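Scroll down for the structure; my scribbles are underneath it.
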Ligand SMILES: [Zn+2]
């Protein structure tokens with residue numbers, strides 16, 4: 001078999017990067033999101049799967065599920081993801 005014609009050298013791919021000059025002049029958007037009421041964690045009822053958002057200050061406490069009246073315990077490790 002005849003060798004195929006030598007392929008033309010591929011042009012080096014030039015990644016399109018944004019101009020640094022333009023990026024430097026752009027104003028960064030505010031990093032802080034909307035005001036939050038406070039750090040919370042999600043506790044799911046093991047019986048009815050209802051999700052509750054509780055403040056992290058409630059860690060190691062327990063409360064009653066509003067749907068099935070089950071006692072939900074908030075594990076202390078929940079505050080440390
Ligand atoms: Zn429940």
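In the numbering used here, the protein residues as written are 1 to 81.
All C-beta atoms in this analysis are idealised placements derived from N, C-alpha and C, irrespective of residue type, glycine included.
Note that the coordinates shown come from a computational prediction; the quantities given were computed from them, not determined experimentally.
Looking at the backbone, the Cα of residue 13 and that of residue 49 are separated by about 52 Å. If you look at residue 11, you'll find it isn't in any beta strand (DSSP E); DSSP assigns it neither H nor E. Membership of residue 53 in the beta strand (DSSP E) is indicated by the continuous run 51-55. Contact check for residue 60 and residue 74: beta-carbon distance about 6 Å, within the 8 Å limit, so the pair qualifies. Judged by DSSP secondary structure, residue 44 falls within the beta strand (DSSP E) whose first and last residues are 40-44. Counting along the chain, no beta strand (DSSP E) covers residue 2, and no H or E run does either.
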